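Reading through the structure tokens given below for one structure.
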Amino acid sequence: MKYECKRADNALLEAIWAKNINDNPDDKRWIRWRDEYISYNNSGKAVTYIVTADGEPVGEGTLIISPECSAIKGKTQLADGGKLGNVNALRIEKAHEGQGHISKLVKLLEEHARSIGMTALTIGVEAAEARNLAIYLHWGYTNFVYSEVDCGELVLYYRKDLV
Numbered sequence: 681m682k683y684e685c686k687r688a689d690n691a692l693l694e695a696i697w698a699k700n701i702n703d704n705p706d707d708k709r710w711i712r713w714r715d716e717y718i719s720y721n722n723s724g725k726a727v728t729y730i731v732t733a734d735g736e737p738v739g740e741g742t743l744i745i746s747p748e749c750s751a752i753k754g755k756t757q758l759a760d761g762g763k764l765g766n767v768n769a770l771r772i773e774k775a776h777e778g779q780g781h782i783s784k785l786v787k788l789l790e791e792h793a794r795s796i797g798m799t800a801l802t803i804g805v806e807a808a809e810a811r812n813l814a815i816y817l818h819w820g821y822t823n824f825v826y827s828e829v830d831c832g833e834l835v836l837y838y839r840k841d842l843v
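Dropping the structure here:
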């Protein structure tokens, strides 16, 4: 299988969101999120990178640039539209987990952030997701920012300086 990590164009965005919606048929929020994320990419408020397997999207990650994005609800301690961005919506299909694809995506998001003058990134993780927390700490997201309860789950936010 041939894997590739690259910045998403509109066709890849539509394809990955069609899969997300299909995987969550009873949750109508995914339709709203699709429209929002595609709009954010088109307006420059966010940028999404995709993992493809033989040309088909199987994973994604988004760099939130603007605090106007609903994913961070205006929280400038997560993304301020300038020097600080937020790594968001990291997902990969189960069959492709554990192969380093998400790590590659995060590196691309970090490179993109640096290229537009960002000096730090934040990332959120549900406290119950110990495996993901360990991975994020390994990637260098070690500076605790704050915590909050979101949709009934305790979410911890960490920051990584890029310089």
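Per the numbering used here, the very first residue in the sequence shown carries number 681; after that it's consecutive. Positions of the beta carbon are idealized from the N, C-alpha and C atoms, including for glycine. Just so we're clear, the structure is a prediction, and the values are computed from it rather than from any experiment.
Report task. Determine the contact status of Glu-825 and Gln-757, defining contact as a CB-CB distance below 8 angstroms. Result -> As written in the sequence, residue 825 is Val, which differs from the Glu given in the question. Taking 8 angstroms as the Cβ cut-off, Val-825 and Gln-757 qualify as a contacting pair.
Query raised in the report: Taking the DSSP output, what are the residues bridged to Val-767?
Result: DSSP output for Val-767 lists Leu-743, Ile-803 as bridge partner(s).
Query raised in the report: How is the beta strand (DSSP E) around Lys-840 delimited, first residue to last?
Result: That run of the beta strand (DSSP E) goes 833 to 841.
Query raised in the report: Excluding sequence positions up to five away, which residues of its chain have a Cβ less than 7 angstroms from the Cβ of Leu-743?
Result: Ala-726, Val-727, Gly-765, Val-767, Leu-789, His-792, Ala-793
Requested in this report: Keeping to the same chain, check which residues put their C-beta closer than 8 angstroms to that of Lys-763; ignore five residues upstream and five downstream.
Outcome: Gly-797, Met-798, Thr-799, Ala-800
Query raised in the report: Sorted by chain position, which residues of the same chain lie with C-beta nearer than 8 angstroms to Val-786's C-beta, five sequence neighbours on each side aside?
Result: Gly-741, Val-767, Leu-770, Trp-819
**Report entry** Residue span of the beta strand (DSSP E) that contains Tyr-729, given as start and end
**Finding:** Per DSSP, Tyr-729 belongs to the beta strand (DSSP E) from 726 to 733.
Query raised in the report: Using the C-alpha atoms, what's the distance from Asp-760 back to Glu-773?
Result: 30 angstroms
Report task. Tell me whether Cys-831 is buried or exposed, calling it buried when 16 or more other Cβ atoms sit within 10 Å of its Cβ. Result -> exposed
Requested in this report: Out of Lys-708, Asp-707, Trp-713, Gln-779, state which residue places its alpha-carbon closest to the alpha-carbon of Ile-696.
Outcome: Trp-713
Query raised in the report: In or out: Leu-834 buried (at least 16 other Cβ within 10 Å) or exposed?
Result: exposed
Requested in this report: Along the beta strand (DSSP E) that carries Glu-684, what are the first and last residues, could you check?
Outcome: 683 to 687
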